[in-house]
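Let me begin by presenting the structure, written as structure tokens, before commenting on it.
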Amino acid sequence: MTNNLARDAGEADTHNVEREGDPIGSDQGTVQNKLRAAGEPGLPRRPTLRPRRVSRAVLDASDAALARVLLAPTFLLLLLIVVYPVCRLLWTSLLDLRLAAGMPARFVGIDNYLSLGTDPEFWTALTNTLLITLITVPAALLAGLALALIANLPFRIQWPVRLSLLIPWAMPLAFVGMIGGWFFQSDYGVVNDLLRHVRPTRIIWFNSGWLSFIAICLTITWKTCSFVALVLLAGLQTIPNELYEAASVDGAGPLRRFFFVTLPLLRPAIAVAVIFRMITSLQTFDIPLTMTRGGPGTSTVTLAMYIHQNTVDFLDLGYGAALAVVLFFISMGVTTLYLRQVRSES
Amino acid sequence: MTRILRPLLLLAALCALPAHAETTLNVFISSALRPEVMRQAFDQFEQANPGIKVVAQLGGATSDLQAQYLNTVLSAKDSSLDVLMLDIIRPAQFAATGWTLPLNKDVGTPAAFLKQYLPAYAEADMVDGKLVALPAFADAMFLYYRKDLLDKYHLPVPQTWTQLAKDAATIQAGEHDPQLQGVSFQGAPIEGTVCTFLLPYWSMGKSLVHDGRLTFDHAAAIKALDLWTGLVRQGVAPRNVAEIVTDQTRKDFEAGKAIFAVEWGYGWSFFQSADSAVKGKVAVAELPAVDGGKQVTCIGGWQWGVSAFSRHPAEAVRLVKFLSSAPVSTLLADKASLLPVFPPLYHDPKLVQAMPWLPQALPAVEQAKSRPVTPYYNDVSNVIRTQTNAVLAGSETPEQAADQMEARLKRVLR
Numbered sequence: 011m012t013n014n015l016a017r018d019a020g021e022a023d024t025h026n027v028e029r030e031g032d033p034i035g036s037d038q039g040t041v042q043n044k045l046r047a048a049g050e051p052g053l054p055r056r057p058t059l060r061p062r063r064v065s066r067a068v069l070d071a072s073d074a075a076l077a078r079v080l081l082a083p084t085f086l087l088l089l090l091i092v093v094y095p096v097c098r099l100l101w102t103s104l105l106d107l108r109l110a111a112g113m114p115a116r117f118v119g120i121d122n123y124l125s126l127g128t129d130p131e132f133w134t135a136l137t138n139t140l141l142i143t144l145i146t147v148p149a150a151l152l153a154g155l156a157l158a159l160i161a162n163l164p165f166r167i168q169w170p171v172r173l174s175l176l177i178p179w180a181m182p183l184a185f186v187g188m189i190g191g192w193f194f195q196s197d198y199g200v201v202n203d204l205l206r207h208v209r210p211t212r213i214i215w216f217n218s219g220w221l222s223f224i225a226i227c228l229t230i231t232w233k234t235c236s237f238v239a240l241v242l243l244a245g246l247q248t249i250p251n252e253l254y255e256a257a258s259v260d261g262a263g264p265l266r267r268f269f270f271v272t273l274p275l276l277r278p279a280i281a282v283a284v285i286f287r288m289i290t291s292l293q294t295f296d297i298p299l300t301m302t303r304g305g306p307g308t309s310t311v312t313l314a315m316y317i318h319q320n321t322v323d324f325l326d327l328g329y330g331a332a333l334a335v336v337l338f339f340i341s342m343g344v345t346t347l348y349l350r351q352v353r354s355e356s
Numbered sequence: 010m011t012r013i014l015r016p017l018l019l020l021a022a023l024c025a026l027p028a029h030a031e032t033t034l035n036v037f038i039s040s041a042l043r044p045e046v047m048r049q050a051f052d053q054f055e056q057a058n059p060g061i062k063v064v065a066q067l068g069g070a071t072s073d074l075q076a077q078y079l080n081t082v083l084s085a086k087d088s089s090l091d092v093l094m095l096d097i098i099r100p101a102q103f104a105a106t107g108w109t110l111p112l113n114k115d116v117g118t119p120a121a122f123l124k125q126y127l128p129a130y131a132e133a134d135m136v137d138g139k140l141v142a143l144p145a146f147a148d149a150m151f152l153y154y155r156k157d158l159l160d161k162y163h164l165p166v167p168q169t170w171t172q173l174a175k176d177a178a179t180i181q182a183g184e185h186d187p188q189l190q191g192v193s194f195q196g197a198p199i200e201g202t203v204c205t206f207l208l209p210y211w212s213m214g215k216s217l218v219h220d221g222r223l224t225f226d227h228a229a230a231i232k233a234l235d236l237w238t239g240l241v242r243q244g245v246a247p248r249n250v251a252e253i254v255t256d257q258t259r260k261d262f263e264a265g266k267a268i269f270a271v272e273w274g275y276g277w278s279f280f281q282s283a284d285s286a287v288k289g290k291v292a293v294a295e296l297p298a299v300d301g302g303k304q305v306t307c308i309g310g311w312q313w314g315v316s317a318f319s320r321h322p323a324e325a326v327r328l329v330k331f332l333s334s335a336p337v338s339t340l341l342a343d344k345a346s347l348l349p350v351f352p353p354l355y356h357d358p359k360l361v362q363a364m365p366w367l368p369q370a371l372p373a374v375e376q377a378k379s380r381p382v383t384p385y386y387n388d389v390s391n392v393i394r395t396q397t398n399a400v401l402a403g404s405e406t407p408e409q410a411a412d413q414m415e416a417r418l419k420r421v422l423r
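Those sequence lines, one after another, are chains X and C. Just so you know, the numbering used here puts 332 at position 322 of the first sequence, and the rest follows in order with no gaps. Just so you know, the numbering used here puts 165 at position 156 of the second sequence, and the rest follows in order with no gaps.
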């Protein structure tokens, strides 16, 4: 359903642009294309169309006008909330705009992008962001799959399981980060209290770049696996029971049933969960900010945190915009993956 | 008689209401700087100025969080705040951006008017000939120490960090308490950590920024960082110092878990409160020097500014002038142990009774040094605090951090 909607919107947009470019003349063709594209049943073919050309043209014109009127608000809204900010961002990234100095903006071309290359903190932030994505997405997928399978078991009382799945998902990210910070605190943290039984000397998690990084990844995985579990649980419930019964009749054990029935049928749900997780994990911000503030030093700074720091703390909007453009294109890449996936399914 | 009077009074009150609730001034203050005491000052102003209502808008607990909020609100030219409480490190940026109204013409001759305040504030609030804000209260970093423990081991107050480390080690060895820290200072990536770096750096007689130009001394920076890591290595400072924020130092010292603490003036009223474990056992001194250096401290303190986007600038200016007056300064010192901005108040008998160390604080506050004055202070601060934090966490060596600091500060002050 969503897929169809998305595709329709895409088609409508293309036609909008087409009409803008050539306002008169191609009305008939456009409508025909549209109808063909939409797969309208009972669409009259070209030969049958020809005799009624005049009346059709009149109708077409009003059709097109109507479509234009109906699409205009969406188009304007998209212009306002997507096209304008993105263009503004691209423009700002070409300026030396540092509000803290109160100086007027100065056009500097690609200078901001050039200084990215020599800015070690940018590379740290970029690497951290990609590493967080590479580590927490598969981890959350595995943990989420396990949780979804447990939640899908025929419990007599369903709500406690479902509720425990919902709670981490419903919690604000900043809270989770603060909770994570307390968990891993060296003096009074729960983690060190548990480890005390295994290891006599306490670990100071936030004194080391990679231990902080592990603590952050664990917290993100905990927070996000419930989202994955919810998506997968929805997928699991669409798998008809007959398939399992048939597989059992054919002599398949639980492992084979999982690998040959559950997993293949769950594939679309997994794809959706993974891509959604990837996009949000590329934008990781709240949890590291509240857990470590990017420390020790700059070892756990993410790209989103670095953008925020440059724009909000330093008011260096030009450089911040250049950083945001980088993140924008990375996110675009993943979104394209998602759209391709959705298209191949339908 | 009352039968007639009461309805009349009620009627009068009803008539007066719309006229009197005309102007509301929104004042942005920190949630950590005793809003309940600030409220008393606002109440006094409301009584003296019928028709003006003062509403406190509580901002984040730390200077960094408040700056983030103000940056967002004021760069959007939002008029929802009328009066702003600003950390001493902000006026340069606010002067450059024009986010506060210059108060020059509201105080007669600024130079003469500012003479009544401590020189550091008169200097900080006057940027490029513009009077950006007026002083609210003073602050500086001090050395808090456990008088009872120093007396027990017959130790004088240390004048140098080396002496402090030795004294702390003696007491730690004598007390046999693994929980007892020698000295608590700030190492988390927060504003206070900028002062942590600057204290020994300044003590060597070096400066960081002069007239907007970088005057970074590489060797002194390494020595400054070495001093702190040395204290951690000797076991005098806790190993998790990279986690310690300003209020954690306050809590640890208040719980009796530290012999010495590097802390701002606000700590005093906490340490002397009823539920403090160290009540009556605390004293305050000037911060120690590096060997062969001079004793310096980092100046703090807060200012009142009028937002340039306020819809009631005249009333807001009146409020700011009231808030930066001697009676309010006395109130803040008396009720919240926030240091006065008027030198004579340091010898006020009533205040000295509440804060016996007040006369000693005056020379420290008078000689305290300001953090770099530049509109790009946020960038400068970030570079220093993240690098200092990295060194204290042990993820960078002092040499690496000094290299990084120099390279990044050059870019910021380009």
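Beta carbons: idealized from backbone N, C-alpha and C, even for Gly.
Practice task
Within 10 angstroms of the Cβ of Gln188 of chain C, are there 16 or more other Cβ atoms? Answer buried if so, exposed if not.
Solution key: Under a 10 Å Cβ-count criterion, Gln188 of chain C is classified as exposed, with fewer than 16 other Cβ atoms of the shown protein chains found around its own Cβ.
Practice task
Please name the residues in the segment 277-303 of chain X whose beta-carbon is closer than 8 Å to at least one beta-carbon of chain C, in chain order.
Solution key: Cβ contacts with chain C: Arg303.
Problem - Bridge partner(s) assigned by DSSP for Ile231 of chain C - result: Answer by DSSP bridge pairing: none, since Ile231 of chain C is not bridged.
Practice task
Using the Cα positions of Ala74 of chain X and Phe85 of chain X, report the straight-line distance between them to the nearest angstrom.
Solution key: Whole-angstrom Cα-Cα distance: 15 Å.
Problem - Bounding residues of the beta strand (DSSP E) (the contiguous stretch that carries Pro144 of chain C) - result: Segment 143-155, the beta strand (DSSP E) holding Pro144 of chain C.
Problem - Bounding residues of the beta strand (DSSP E) (the contiguous stretch that carries Ser193 of chain C) - result: It spans 190-193 - the beta strand (DSSP E) in which Ser193 of chain C sits, taken as one unbroken run.
Practice task
Look at the Cβ atom of Leu292 of chain X, then the Cβ atom of Thr139 of chain X, and state whether they are nearer than 8 Å.
Solution key: A contact, by the Cβ cut-off of 8 Å.
Practice task
Under 7 Å between beta-carbons, which chain C residues line up against Ile214 of chain X? List them in chain order, please.
Solution key: Within 7 Å of the CB of Ile214 of chain X, the CB atoms of chain C belong to Arg248, Asn249, in sequence order along the chain.
Practice task
Using three-state DSSP, classify Glu405 of chain C as helix, strand or coil.
Solution key: In the structure shown, Glu405 of chain C sits in coil (DSSP, three-state: anything other than H, G, I, E or B).
Problem - chain X contact residues for Gly221 of chain C, given Cβ-Cβ distances below 7 Å - result: Neighbours of Gly221 of chain C on chain X: none; closest Cβ ~10 Å, over 7 Å.
Practice task
Check each candidate in X:Val336, X:Arg287, X:Leu299, X:Pro306 and name the one with the smallest Cα separation from Gln319 of chain X.
Solution key: Comparing Cα-Cα distances from Gln319 of chain X to each of X:Val336, X:Arg287, X:Leu299, X:Pro306, the minimum goes to X:Leu299.
Exercise for the section: Return the CA-CA distance between Val254 of chain C and Leu332 of chain C, expressed in angstroms with no decimal places. Expected result: One C-alpha to the other measures close to 29 Å.
Exercise for the section: Can you give me, in chain order, the residues of the segment 95-113 of chain X that have a beta carbon less than 7 Å from any beta carbon in chain C? Expected result: Listed in sequence order: Leu109, Ala110, Ala111, Gly112.
Handout entry: Proximal residues of chain C, C-beta to C-beta of Asp197 of chain X below 9 Å
Key = Neighbours of Asp197 of chain X on chain C, chain order: Pro247, Asn249, Glu252.
Exercise for the section: Could you tell me whether the segment 96-111 of chain C touches the segment 275-288 of chain C, using the rule of 3 or more Cβ pairs below 8 Å? Expected result: As far as the Cβ criterion goes, the segment 96-111 of chain C does not touch the segment 275-288 of chain C, which means the pair count is below three.
Exercise for the section: Return yes when the Cβ of Asp96 of chain C is within less than 8 Å of the Cβ of Trp311 of chain C, no when it is not. Expected result: Yes, they are a contact pair.
Problem - chain X contacts from the segment 390-405 of chain C (Cβ-Cβ distance under 7 Å) - result: Among the residues of the segment 390-405 of chain C, those with a Cβ less than 7 Å away from any Cβ of chain X are Asn391, Thr395, Gln396, Asn398, Ala399, Ala402, Gly403, Ser404, Glu405, in the order of the chain.
Practice task
Kindly confirm or deny that the segment 248-255 of chain X and the segment 207-219 of chain X touch, where touching means at least three C-beta pairs closer than 8 Å.
Solution key: The answer is no - the segment 207-219 of chain X does not touch the segment 248-255 of chain X, with fewer than three Cβ pairs under 8 Å.
Handout entry: Contact belief for Ala110 of chain X with Pro384 of chain C at Cβ below 8 Å, rounded distance in angstroms
Key = The beta carbons of Ala110 of chain X and Pro384 of chain C sit about 5 Å from each other, so the pair counts as a contact at 8 Å.
Exercise for the section: Classify Lys86 of chain C as helix, strand or coil using the three-state DSSP reduction. Expected result: Note: Lys86 of chain C maps to coil in three-state DSSP.
Handout entry: Residues that His219 of chain C bridges to, as DSSP identifies them
Key = DSSP, once it has assigned bridges, lists C:Arg222 as partnering His219 of chain C.
Handout entry: Under 8 Å between C-beta atoms of Leu87 of chain X and Ala283 of chain X
Key = No Cβ-Cβ contact shorter than 8 Å links Leu87 of chain X with Ala283 of chain X.
Exercise for the section: Report, in whole angstroms, the separation of the C-beta atoms of Gly154 of chain X and Met301 of chain X, which I expect to be a contact under 8 Å. Expected result: Not a contact, Cβ separation roughly 21 Å.
Problem - Distance, Val329 of chain C Cα to Ser346 of chain C Cα - result: Computed Cα separation, rounded: 20 Å.
Exercise for the section: Entirely within the segment 115-143 of chain C and at least 3 residues each: give me those beta strand (DSSP E) ranges in chain order. Expected result: For secondary structure counted as the beta strand (DSSP E) over 3 or more consecutive residues, the segment 115-143 of chain C holds no complete run.
Practice task
Taking only the alpha-carbon atoms, compute the straight-line gap between Phe262 of chain C and Pro358 of chain C and give it to the nearest angstrom.
Solution key: Looking at the two C-alpha atoms, the distance is approximately 28 Å.
Exercise for the section: For Thr106 of chain C, decide whether its Cβ has a neighbour in chain X, counting only Cβ atoms nearer than 8 Å. Expected result: Output row for Thr106 of chain C: interface = yes.
Handout entry: Reduced DSSP category for Ile308 of chain C - H, G, I as helix; E, B as strand; rest coil
Key = Three-state DSSP puts Ile308 of chain C in a strand.
Handout entry: Ala225 of chain X versus Asn398 of chain C: straight-line alpha-carbon distance, rounded
Key = Rounded to whole angstroms, the gap between the alpha carbons of Ala225 of chain X and Asn398 of chain C is 18 Å.
Handout entry: Whole-Å CB distance - Pro178 of chain X paired with Ser222 of chain X, under 8 Å assumed
Key = Between Ser222 of chain X and Pro178 of chain X the Cβ distance is about 21 Å, and since that is not below 8 Å, they are no contact.
Handout entry: Three-state class that DSSP yields for Gly289 of chain C in the structure shown
Key = Coil at Gly289 of chain C, not helix or strand.
Problem - Spatial distance of Ile393 of chain C from Gly138 of chain C (CA atoms) - result: Between the C-alpha atoms of Ile393 of chain C and Gly138 of chain C there is a straight-line separation of about 29 Å.
Problem - Contact set for Ala177 of chain C: own chain, Cβ-Cβ below 7 Å, skip 5 residues either direction - result: Same-chain partners within the cutoff: Gly191, Val192, Val245, Ile268, Phe269.
Practice task
Mark Gln195 of chain C as exposed unless 16 or more other C-beta atoms lie within 10 angstroms of its C-beta, in which case mark it buried.
Solution key: Buried, since its Cβ has 16 or more Cβ neighbours within 10 Å.
Handout entry: Short Cβ contact (8 Å threshold) for Leu223 of chain C with Leu422 of chain C
Key = Taking 8 Å as the Cβ cut-off, Leu223 of chain C and Leu422 of chain C qualify as a contacting pair.
Problem - Runs of alpha helix (DSSP H) lying entirely within the segment 137-193 of chain X, each at least 4 residues, in chain order - result: Runs of the alpha helix (DSSP H) inside the segment 137-193 of chain X: 169-180, 183-193.
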